[in-house]
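A.B. asks:
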Amino acid sequence: MRTVRAAVAGIVALGLALTGCTGSAEPPPPTPESTAAALAAGLTSGDLSRMPFDGSTPEAATAALGTVVAAIKDISRTVTVVKVVDKTSAGTNAARTVAATLQWTWDVSPTDADWSYTTEAKLVLNPDKTWHVQWSPTMIEPKLDATERFTVERVQGRRGEILGAGGEVLAGQRDVYQVGIDKGRVSAAEASTSAAALATLMGIDPTAYTQTVAASGAKQFVVAITLRTTDPRIAGKTAAVQAIPGAVAISGTATLGPTATFARAILGTVGPATAEIVQRSGGRISATDTVGLSGLQQRYDGYLSGTPGLKIKATGTTGGTAVSRPLFSQDPIPGKPLSITLDLLAQEAAEESLAASSVPATLVAIRPSTGEVVAAANSPTAQGALATTGRAAPGSTFKIVSSLALLRAGLTPDSPVQCTPTTVVDGRSFKNYDDYPADRIGTISLRHALANSCNTAFISQHATVDQNALADAAAALGFGVDFDLGLPAFVGSIPRTATATEHAASFIGQAKVEASALAMATVVASIVKGSAVVPRIVERTADLRATGASSANPAATSVSSGSAAPSTGDSGSAAPSPSAPASVAPTAPPAPAVPLTAAEAEALRSMMGSVVTEGSGRVLADVGVGGAKTGTAEYGADSPPQTHAWMVASKGDLAVAVYVETGQSGSRTAAPLLKAFLQRWTG
């Protein structure tokens, strides 16, 4: 056993000795080709710390490279070796020298239009048999000198216009004046005095603007207001502006609507990119860019803004004077126009009709035949996109939906129902509105119950139709259905489960039933058309469907609803997160579980016609309205509670809904606004 062990030990020892000899063998010396390849890799990564240099150190060369390319360091680059050629002078004792041709490729665009060029690096063989690189800025760019650095200018293309019905420009480049104080022209004391005077002249808050001017840089131009050149606040008044020390009106262009208020909540605004927007854009947006900040301008920013161009220059000094030479340029690709359904004249008429409202009010008008939203207006007192995103109890306008549910349960427009002064459900008392006509108390037809808006007649039928069937009826009229309209919107909400009192109150559009003017206009449009209407604002063009563009700052863009549409999960559609841009083209909703039939639609049209001929909608009879419904809904904790006022109507191929946050009644508060709209715009 000892002999075997000794033999094995000897073999192992010999193996280890041989391994040790093999491991100590030195690697072959670097070749000019391997040195050039290492240089190319270092120029690509920006790290030259492992490269041997003549005329510089690895640290200094790395720093010099970083300084030259700093302005475009975020643009991906690749450096490769094209060839290595011996440049040693024949018949001399000079060191062996080679020239390495380097191919630089900068990925300046998502297209194939890269910036490519070649440079040359000189390599010299040292006495220690290693190759050293002779440092020169020309290995970065062929003509680069020691003073030059790359500079870049990002050039935005012309922003796409937002086009309305008939191709009318609703948002596009318009001539403007930027009015403000140039602090470089006046002293600090004069700047404050002039700021107050200019603010007063322009009709803005003098205190706020004076504070802004005071907080700005010593030589800064501080914009007070940007006005269209046709704005009466500046038209013909530039001399008055210039008479104020330091005040100037600079002409230019800006992406604006026809007026300062025109569909502002829908179209949105355009302005300088914020730091947050730049950070979330994944490199698509630069701090110098102008981007959509709200509305459609924000949702479709990538589509409207196009692709920016670039101008790269080498900038240095010659004789103490700054000079630049062009290296690369790429023209911007203009943004594409976004087509929407808003009608210029209809929107103007809607806004004019709401202009005098002292409380928040909205109006939405839809073409039933196409689903086109031709107007979506808010009063000056309304906040945000109330017309399309508001949430309020629809009150008696929802009796249209309740009527459909009762028709499906076997009632007809002429079926008798009991209209009593009050009725009690599960201990809760319900009554009619204060001015309900006394001669319509008692046994009346379902038609007359709708025409005169008898609350108790509908509530008394709560056992005839369950909450789920009521929600199905709503969905058949396009109410409470989830889909993506192309901008933030709310098309109604009705829960599929409810307590007894909630179910009873749902029949008259109270409890947990909520709607926007868009939702109720959709209900009327569906009745006119005879099938569930899908409202449209953004046209789903082929370009829009094909593009991968996304928003600069994605917000909630889907239509939000309750559970009128059958659902296995939570109601409403999820909004995209800031890091997950929304899809661009809007999407259609699923078909309702129980679609509207032609007979049902005809019955509802007939019943709504009675509202105009003999009921609470008579005020609209002289403007050609074919069907209507008033609505009043209590809200708040006051005693007596305040009331929302609603009015919905149809006229030919037009469905209109008006909502007033606080009003006396639908016929007295909302109807005059709807009537004014129809008188201003005939369609």
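Throughout the sequence shown, residue numbering follows the numbering used here, covering 21 to 703 in sequence.
Note that beta-carbon positions come from the ideal geometry of N, C-alpha and C, so glycine has one too.
All values derive from a computational prediction rather than experimental measurement.
Round the Cβ separation of Thr289 and Gln262 to the nearest angstrom and send it over; I've been treating them as touching at under 8 angstroms.
C.D. replies: Taking the first residue of the sequence shown as 1, we reach residue 289 at position 269. Taking the first residue of the sequence shown as 1, we reach residue 262 at position 242. Wrong, their Cβ atoms sit about 28 angstroms apart, outside the cutoff.
A.B. asks: Name, in chain order, the residues that DSSP records as bridge partners for Gln350.
C.D. replies: Numbered from its first residue, the sequence shown carries residue 350 at position 330. Gln350 is bridged to Leu330.
A.B. asks: Looking at the unbroken alpha helix (DSSP H) that takes in Ser136, where does it start and where does it end?
C.D. replies: Working through the sequence shown from its first residue, we reach residue 136 at position 116. Run containing Ser136: none in the alpha helix (DSSP H); it sits in the beta strand (DSSP E), Trp135 to Leu145.
A.B. asks: Could you check which residue in Ala269, Trp155 and Asp165 has the C-alpha nearest to that of Leu221?
C.D. replies: What you label residue 221 is simply residue 201 of the sequence shown in a count that begins at 1. Per the Cα distances, Ala269.
A.B. asks: Cβ atoms of Ala696 and Ser373: under 7 angstroms apart, would you say?
C.D. replies: Reading the sequence shown from its first residue, position 353 is the one you call residue 373. Reading the sequence shown from its first residue, position 676 is the one you call residue 696. Contact flag set, yes.
A.B. asks: Helix, strand or coil for Glu654? Go by DSSP, reduced to three states.
C.D. replies: Counting from one through the sequence shown, the residue named residue 654 turns up at place 634. Three-state DSSP puts Glu654 in a strand.
A.B. asks: Is the beta carbon of Gly355 closer than 7 angstroms to that of Leu324?
C.D. replies: Taking the sequence shown and counting its residues from 1, the one referred to as residue 324 is at position 304. Taking the sequence shown and counting its residues from 1, the one referred to as residue 355 is at position 335. Yes.
A.B. asks: Just mark Val295 as buried or exposed, buried being the case when its beta carbon has 16 or more other beta carbons within 10 Å.
C.D. replies: Here residue 295 is taken as the residue at index 275 of the sequence shown, counted from 1. The sequence given here places Ala at residue 295; Val does not occur at that position. When all chains shown are included, Ala295 counts as exposed.
A.B. asks: Determine the DSSP secondary structure at Gly462, reduced to helix, strand or coil.
C.D. replies: Residue 462 sits at position 442 when you count from the first residue of the sequence shown. Strand at Gly462.
A.B. asks: Given a cut-off of 7 angstroms, decide if Arg625 and Gly647 are closer than it, judged by their beta-carbon atoms.
C.D. replies: Position 627 of the sequence shown, counted from the start, is the residue given in the question as residue 647. Position 605 of the sequence shown, counted from the start, is the residue given in the question as residue 625. Cβ distance < 7 angstroms, so Gly647 and Arg625 count as in contact.
A.B. asks: Under the three-state reduction of DSSP, which class applies to His482: helix, strand or coil?
C.D. replies: The residue given as residue 482 occupies position 462 in the sequence shown. If DSSP states are grouped into helix, strand and coil, His482 belongs with coil.
A.B. asks: Is there at least one Cβ from chain D nearer than 7 angstroms to Ala217's Cβ?
C.D. replies: The structure shown contains no chain D; it holds only a single protein chain.
A.B. asks: On the DSSP letters alone, give me the boundaries of the beta strand (DSSP E) that Lys695 sits inside.
C.D. replies: Locating residue 695 in the sequence shown gives position 675, counting from the first residue. Run containing Lys695: none in the beta strand (DSSP E); it sits in the alpha helix (DSSP H), Ala691 to Arg700.
A.B. asks: State the start and end residues of the unbroken beta strand (DSSP E) segment that holds Met540.
C.D. replies: Residue numbering aside, residue 540 sits at position 520 when the sequence shown is read from its first letter. Element bounds for Met540: not the beta strand (DSSP E) but the alpha helix (DSSP H), Ala537 to Lys549.
A.B. asks: Three Cβ pairs or more, each shorter than 8 angstroms: is that satisfied between the region 113-121 and the region 129-148?
C.D. replies: Yes, since at least three Cβ pairs between the region 113-121 and the region 129-148 fall closer than 8 angstroms, the two stretches touch.
A.B. asks: Could you give the DSSP three-state label for Glu210: helix, strand or coil?
C.D. replies: By one-based count along the sequence shown, residue 210 stands at place 190. Glu210 falls in the helix class under three-state DSSP.
A.B. asks: Determine the closest residue to Asp148 out of Ala115, Ala665 and Asp454, with distance taken between C-alpha atoms.
C.D. replies: Position 128 of the sequence shown, counted from the first residue, corresponds to residue 148. For the residues Ala115, Ala665 and Asp454, the minimum Cα distance to Asp148 belongs to Ala115.
A.B. asks: Apart from the five residues on each side of it in sequence, which residues of its chain come closer than 7 angstroms, Cβ to Cβ, to Pro692?
C.D. replies: As a working mapping, residue 692 is identified with position 672 in the sequence shown. Taken in chain order, the list of residues that qualify is empty.
A.B. asks: By the DSSP assignment, the beta strand (DSSP E) with Asn488 in it spans what residues?
C.D. replies: Residue numbering aside, residue 488 sits at position 468 when the sequence shown is read from its first letter. No beta strand (DSSP E) contains Asn488, which is instead part of the alpha helix (DSSP H) from Gln487 to Ala496.
A.B. asks: Going straight from the alpha carbon of Arg516 to that of Ala495, what length do you get?
C.D. replies: Position 496 of the sequence shown, counted from the start, is the residue given in the question as residue 516. Position 475 of the sequence shown, counted from the start, is the residue given in the question as residue 495. For Arg516 and Ala495, the distance between alpha carbons rounds to 11 angstroms.
A.B. asks: Check each candidate in Leu183, Ala518 and Asp502 and name the one with the smallest Cα separation from Ile557.
C.D. replies: The sequence position of residue 557 within the sequence shown is 537, counting from 1. Looking at the Cα atoms, Leu183 is the closest of the given residues.
A.B. asks: CB Ile479 to CB Ala524, shorter than 7 angstroms?
C.D. replies: Here the question's residue 479 lines up with position 459 in the sequence shown. Here the question's residue 524 lines up with position 504 in the sequence shown. Yes, they are a contact pair.
A.B. asks: To the nearest angstrom, how far is it from the Cα of Pro433 to the Cα of Leu466?
C.D. replies: For the purposes of this step, residue 433 is taken as residue 413 along the sequence shown, with counting starting at 1. For the purposes of this step, residue 466 is taken as residue 446 along the sequence shown, with counting starting at 1. Rounded to whole angstroms, Pro433 to Leu466 spans 5 angstroms at the Cα level.
A.B. asks: What does DSSP give as the partner residue(s) for Tyr774 in the beta ladder?
C.D. replies: Residue coverage of the chain in this structure runs from 21 to 703, which leaves residue 774 outside it and unanswerable.
A.B. asks: If you drop the 5 nearest sequence neighbours on each side, which residues of the same chain put their C-beta closer than 6 angstroms to that of Ala405?
C.D. replies: By one-based count along the sequence shown, residue 405 stands at place 385. Result list for Ala405: Ala285, in chain order.
A.B. asks: Buried or exposed, going by whether 16 or more other CB atoms sit within 10 Å of the CB of Val343?
C.D. replies: One-based indexing of the sequence shown puts residue 343 at position 323. Exposed.
A.B. asks: Can you give me the C-alpha to C-alpha distance between Ala209 and Arg248, rounded to a whole angstrom?
C.D. replies: Mapped onto the sequence shown, residue 209 falls at position 189. Mapped onto the sequence shown, residue 248 falls at position 228. Taking the straight line from one Cα to the other gives about 30 angstroms.
A.B. asks: If you check the beta carbons only, do Thr463 and Tyr679 fall under 7 angstroms apart?
C.D. replies: If you number the sequence shown from 1, residue 463 lands on position 443. If you number the sequence shown from 1, residue 679 lands on position 659. For Thr463 and Tyr679, no; Cβs fall outside 7 angstroms.
A.B. asks: Rounded to the nearest angstrom, what separates Gly62 and Asp363 at their Cα positions?
C.D. replies: For the purposes of this step, residue 62 is taken as the residue at position 42 of the sequence shown. For the purposes of this step, residue 363 is taken as the residue at position 343 of the sequence shown. Each residue's Cα considered, the two are about 59 angstroms apart.
A.B. asks: Can you pull the DSSP bridge partners for His468?
C.D. replies: The sequence position of residue 468 within the sequence shown is 448, counting from 1. DSSP, once it has assigned bridges, lists no residue as partnering His468.
A.B. asks: What residue range does the beta strand (DSSP E) around Arg248 cover?
C.D. replies: Taking the sequence shown and counting its residues from 1, one reaches residue 248 at position 228. Element bounds for Arg248: Phe241 to Arg248.
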